[in-house]
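Here is the structure we will look at, set down as structure tokens.
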Amino acid sequence: MHSGMDFVIHLVARIVVPLFFVGLVGSAFVVLATFIEDLKDLLEDED
Amino acid sequence: MVVASSVMLTFISFWRAAAIVLNDLGSSAFYAGGIAEEAVGKSAPWFILGVMLFSFAVRAVYVESCSMFTRGGVYRIVKEALGGTFAKVSVSALMFDYILTGPISGVSAGQYIVGLLNELLNLCTSHHWVHMLATHANGEARQLPVNATSAFIAAAVTIYYWWQNTKGIEESSDKALKVMQITTVMVVLLLAWGIFSVFRQGAHLPPLPVPENLSFSKEALGFLKNTNFAKTFGLFGIIMAFGHSILAMSGEESLAQVNREIEHPKLKNLKRAAIVIAIYSFVFTGIGTMLAVMLIPDSVRVPLYRDNLIAGMAMYLVGPLGIKIAFRFFVVIVGFLILSGAINTAIVGSTGVLMRVAEDGVLTDWFRKPQRRYGTSYRIVNLVAGLQMFTIIASRGNVIMLGEAYAFGVIWSFTFNSLAMLVLRWKFHGERGWKVPLNLRIGKTEIPFGLISVFLVLLTTAIVNLFTKSVATVSGILFAAAFFTIFTFSERENKRRHDLAARQMKEHFQLEHQDTVGREALDIRPGAVVVTMRDFASPFALKWALSHTNTEDQDLVVLAARMMGAGGPEYVDASEQLFSEHEQMLFTKAISVAESFGKHISLLVVPAGDIFAALVQTANSLDAAAVVAGLSSKLTAQEQAYHVGQAWEALPEPKRQFTFYVVKPDGEALSFHIGPHAPTLEPDEVQLVHRLWLNLRRAPEMEHLHHSDIVTYALSKMANEFARDKQETLKGLRQCMEQTHNRRGLGRSFHEEMDDDTGPGYAIRAPRSHSGNEKAASTYQNK
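From first to last, the protein sequence lines are chains A and B. The first sequence maps to residues 477 to 523 in our numbering. The second sequence maps to residues 28 to 810 in our numbering.
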């Protein structure tokens, strides 16, 4: 039973690890871009 | 014809919106660090920090969803993108998140209180203070059972908020703002003092978040604990640790819930609120946890302060013990305020989501039936509070167990939301105010790299959590499956009933949806009478209004308000909502009463965050001369009138004055003039003016004197006297008031008692049409 779980988790790990880190890099760009844009909005004078 | 409109809402600034969301999101700072460290070891603060940074990206997804739909919450978005079944699954996960927010917050508040009390008992024992009370016979300090007492406190607070919600809480962003102001004082003190202490006494950063520094607890391995894989996690361990820290960003959904109420310019203010929330939670939860782990020694941090990490940090700041204990008191008070507030937010939020689902026909109207006395959706409140109480008892006050399960709802509701947003990039062709950045256009196709990235992180984390968070997986799947089953069967039953109701509706009413409410939509003349109706069993206000209104001269509109409080039901286009069984019964009764009087009425249903604001806005939009309401079960007539007056003052110009009538169940009515109006003069005051006029008129040069000239002269004299000698005027006025009140009796100066036979007075009369071509067409169709 444990070997079955081992097989499944090895398979899952092979798929999710690269996807997670690729996603993390992309998300870092999103964070950076939106942070700058929104901070400008926040500090801008009231309309 | 029934007109359903969507505009009667009050709006708040982005600061207030941010405060409402932070009451939920910010509360996780009190427990997320301890839970994460228990699971992954001393590197946990890096992962909490990482999760808080990632929450900036999740926030961007919510902002995009809110820019497409005023209520960009999970249910709305997933239904739009993936259909009803996925929407029900995602809302089940969200409900799991909400149901657990209450118990985890309540138990955590309890842990902070019990932690402080036990520390004080230890202190008393060591100093031989109140020896009998604080110390056992064997010389050891008495200690309260931590988990059991925490569970008791959580249960007590949950029962308190259950009752408050059953009665109907007046939702106020003021309270949220005040809680966040006091929390901010604590955060600033905590961080400034913490950073000072780090430099003063020297402290090391936690070990870096690399695989070799991770040490997972047995529980944190979940289904993997007996596998060979558990020995060599490698980078997979990073995802596991990230997954164990994800609960730190629970509460983002509240942003979508509060978006509907954000004032103009909505998108800009939404983005401002979102960035304030993200920065605040990054600083409080992220940096706060980091400092706590740096300052509290390893030997006591997990065993003693795991469940009250910030209180522990207060004890290890530099400074005298007395001041540190005083600060810990402050931390516990703030913690109790924000955490117990989160219990309420969880009840209000989950009730709101269920109401929204019910409005969409997924839950039967049985759930929406208003409480007889208070008019609240008490059955949904009972269900939510009951599930929270069950969770508190089942967990027996164990925060770690609750935290384990909590992450399931958080991660899966985010994952469904981002997947749905991804699908909508291709499927949705309507207006989109803003997009998550990193969109690469190749030919005609736009590839949303940013959105895909966020979705990938959420999906992979959710999948890994399925393996490593066994408690969450089992309890989450069971809970979500139970809710999904309830939703599915309920929807089927509702559809059957709805088909029947739709046929009945077709026979009786025509429902027309309007974005704005106006006289044209209802086909009524200026100067109408608006009557509110809540309880179909006692339509005394409508009966009173019908008996005092000639509908040939003046139109009568029956108004039903659909209550949608802060964090309340998500709003979608009125056209997508079912005309509820309750509203049908309400209007059926209204028409039957109107028919018994042989008079015409118009029917209107509006959503309302604040009933008084909705009432006043509707009256103003319809150019109404009078508003009639039944006496509230909670407020006096004067209090009702005061709230209506306040709402009227908040209305932007142009606004019309009207008379507000409060009708008691026995048919007696009180009237109040809303807006600036001529004071109600007593006969002896009119006599006085008249006597003066008669005397003054005798002088030959007073040939053209009017009564109004006397009032103007007297007022000018008083204004001059007030400018010259304020105290003297006040003194004189006080004496005058005393005499008047003795003469009149309480309250008679600002309202007039209505006698049923005398009619409602001048204000309810409609202005005569200048064209003389008055319409007499029926404003509802009752086939």
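We treat Cβ as the ideally placed atom computed from N, Cα and C, and that holds for glycine.
Length of the line joining the Cα atoms of residue i and residue j
{"i": "serine 660/B", "j": "histidine 456/B", "result": "47 Å"}
{"i": "histidine 1/B", "j": "serine 54/B", "result": "Examination of residue 1/B is not possible in this model, given that chain B is present from 28 through 810 alone."}
{"i": "glutamine 170/B", "j": "leucine 217/B", "result": "27 Å"}
{"i": "valine 484/B", "j": "valine 78/B", "result": "11 Å"}
{"i": "valine 329/B", "j": "glutamate 64/B", "result": "8 Å"}
{"i": "threonine 559/B", "j": "valine 585/B", "result": "6 Å"}
{"i": "alanine 555/B", "j": "leucine 583/B", "result": "6 Å"}
{"i": "lysine 454/B", "j": "leucine 322/B", "result": "51 Å"}
{"i": "tyrosine 139/B", "j": "alanine 168/B", "result": "18 Å"}
{"i": "glutamate 779/B", "j": "phenylalanine 639/B", "result": "Annotation note: pLDDT 43 at glutamate 779/B (below 50); position unreliable, coordinate value reported separately. The alpha-carbon atoms of glutamate 779/B and phenylalanine 639/B are separated by roughly 21 Å."}
{"i": "asparagine 255/B", "j": "aspartate 482/A", "result": "7 Å"}
{"i": "alanine 412/B", "j": "serine 497/B", "result": "25 Å"}
{"i": "glutamate 695/B", "j": "proline 681/B", "result": "32 Å"}
{"i": "aspartate 517/A", "j": "leucine 150/B", "result": "50 Å"}
{"i": "tryptophan 42/B", "j": "tryptophan 189/B", "result": "27 Å"}
{"i": "alanine 432/B", "j": "proline 236/B", "result": "23 Å"}
{"i": "glycine 365/B", "j": "proline 172/B", "result": "Sequence inspection shows isoleucine at residue 365/B; the glycine mentioned does not correspond to that position. Straight-line Cα distance between these residues: approximately 23 Å."}
{"i": "methionine 416/B", "j": "proline 130/B", "result": "8 Å"}
{"i": "phenylalanine 482/B", "j": "leucine 127/B", "result": "24 Å"}
{"i": "glycine 424/B", "j": "alanine 219/B", "result": "32 Å"}
{"i": "isoleucine 737/B", "j": "serine 743/B", "result": "10 Å"}
{"i": "alanine 677/B", "j": "proline 703/B", "result": "14 Å"}
{"i": "isoleucine 352/B", "j": "serine 242/B", "result": "32 Å"}
{"i": "serine 503/A", "j": "leucine 467/B", "result": "15 Å"}
{"i": "methionine 448/B", "j": "serine 480/B", "result": "12 Å"}
{"i": "leucine 662/B", "j": "tyrosine 401/B", "result": "11 Å"}
{"i": "threonine 162/B", "j": "isoleucine 62/B", "result": "31 Å"}
{"i": "aspartate 650/B", "j": "proline 706/B", "result": "22 Å"}
Contact set between residue i and chain A, taken where Cβ atoms lie within less than 9 Å
{"i": "phenylalanine 250/B", "result": "Met481 and Ile485"}
{"i": "phenylalanine 354/B", "result": "Within 9 Å Cβ-Cβ: nothing; phenylalanine 354/B doesn't reach chain A, min ~30 Å."}
{"i": "alanine 499/B", "result": "Those within 9 Å of alanine 499/B in chain A number zero; the least Cβ separation is about 17 Å."}
{"i": "glutamine 71/B", "result": "A small correction: the amino acid at residue 71/B is alanine; glutamine does not occupy that position in the sequence shown. Within 9 Å Cβ-Cβ: nothing; alanine 71/B doesn't reach chain A, min ~18 Å."}
{"i": "glycine 477/B", "result": "Gly502, Ser503, Phe505, Val506, Ala509 and Thr510"}
{"i": "leucine 80/B", "result": "Ser503, Ala504 and Val507"}
{"i": "alanine 677/B", "result": "Those within 9 Å of alanine 677/B in chain A number zero; the least Cβ separation is about 19 Å."}
{"i": "isoleucine 474/B", "result": "Chain A residues near isoleucine 474/B: none, gap ~11 Å exceeds 9 Å."}
Closest residue to residue i among the options (Cα-Cα distance)
{"i": "valine 358/B", "options": "Lys396/B, Asn492/B and Val215/B", "result": "Val215/B"}
{"i": "methionine 122/B", "options": "Arg519/B, Ile479/B and Val384/B", "result": "Val384/B"}
{"i": "leucine 429/B", "options": "Ser177/B, Pro292/B and Gly368/B", "result": "Ser177/B"}
{"i": "glycine 657/B", "options": "Ala568/B, Ala674/B and Ser502/B", "result": "Ala568/B"}
{"i": "phenylalanine 226/B", "options": "Ile370/B, Tyr433/B, Leu318/B and Val654/B", "result": "Leu318/B"}
{"i": "glycine 264/B", "options": "Ser281/B, Ser244/B and Leu282/B", "result": "Ser244/B"}
{"i": "valine 67/B", "options": "Phe38/B, Ile266/B, Met207/B and Cys93/B", "result": "Ile266/B"}
{"i": "lysine 205/B", "options": "Gln228/B, Ile47/B and Gly229/B", "result": "Ile47/B"}
{"i": "phenylalanine 699/B", "options": "Glu728/B, Tyr669/B and Leu721/B", "result": "Tyr669/B"}
{"i": "threonine 312/B", "options": "Thr210/B, Ile374/B and His231/B", "result": "Thr210/B"}
{"i": "alanine 183/B", "options": "Leu148/B, Leu631/B, Ile420/B and Thr686/B", "result": "Ile420/B"}
{"i": "aspartate 325/B", "options": "Gly315/B, Ile314/B and Met340/B", "result": "Met340/B"}
{"i": "glycine 362/B", "options": "Gly278/B, His731/B, Phe57/B and Pro679/B", "result": "Phe57/B"}
Contacts that residue i makes with chain A (C-beta to C-beta distance below 8 Å)
{"i": "proline 464/B", "result": "Phe505, Val506, Ala509, Thr510 and Glu513"}
{"i": "threonine 254/B", "result": "His478, Met481, Asp482 and Ile485"}
{"i": "isoleucine 266/B", "result": "Val492, Val493 and Phe496"}
{"i": "alanine 301/B", "result": "Asp514"}
{"i": "serine 480/B", "result": "Val498, Gly499, Leu500, Val501, Gly502, Ser503, Phe505 and Val506"}
Contacts that residue i makes with chain A (C-beta to C-beta distance below 7 Å)
{"i": "lysine 298/B", "result": "Asp514 and Asp517"}
{"i": "serine 55/B", "result": "What serine 55/B touches in chain A: nothing, since even the nearest Cβ is about 19 Å away."}
{"i": "alanine 87/B", "result": "Val506 and Thr510"}
{"i": "alanine 84/B", "result": "Ser503, Val506 and Val507"}
{"i": "leucine 274/B", "result": "Residues of chain A passing the Cβ test: none, with the nearest at roughly 18 Å."}
Validate contact between the region 133 to 144 of chain B and the region 325 to 343 of chain B using beta carbons, cut 8 Å, 3 pairs: Short answer: they touch.
Secondary structure, alpha helix (DSSP H): runs of 4+ residues fully inside the region 86 to 125 of chain B: Correct list: 101 to 109.
Which runs of the alpha helix (DSSP H) spanning at least 4 residues fall entirely within the region 433 to 514 of chain B, listed in chain order? Here the runs fully enclosed are 476 to 495.
In chain order, which continuous runs of the beta strand (DSSP E) of length 3 or greater are located wholly inside the region 542 to 591 of chain B? Qualifying beta strand (DSSP E) stretches, in chain order: 556 to 559 and 583 to 590.
Inter-stretch contact at 8 Å, needing at least 3 Cβ pairs: the region 506 to 516 of chain A / the region 301 to 321 of chain B: Flag = yes, the region 506 to 516 of chain A and the region 301 to 321 of chain B touch.
Tell me, please, whether the region 380 to 399 of chain B touches the region 511 to 525 of chain B by the rule of three or more beta-carbon pairs shorter than 8 Å. The region 380 to 399 of chain B and the region 511 to 525 of chain B touch, with no fewer than 3 CB-CB distances between them shorter than 8 Å.
Tell me the start and end of each unbroken alpha helix (DSSP H) in the region 363 to 433 of chain B that is at least 4 residues and wholly inside, in chain order. Entirely contained in the region 363 to 433 of chain B, the alpha helix (DSSP H) runs reaching 4 residues are, in chain order, 405 to 422.
Completely contained alpha helix (DSSP H) runs for the region 278 to 338 of chain B, where each covers 4 or more residues: As far as the region 278 to 338 of chain B is concerned, its whole alpha helix (DSSP H) runs of at least 4 residues are 280 to 286, 293 to 308, 315 to 322 and 325 to 332.
At least 3 beta-carbon pairs within less than 8 Å: the region 441 to 449 of chain B vs the region 110 to 126 of chain B: With the rule of 3 Cβ pairs closer than 8 Å, the region 441 to 449 of chain B counts as touching the region 110 to 126 of chain B.
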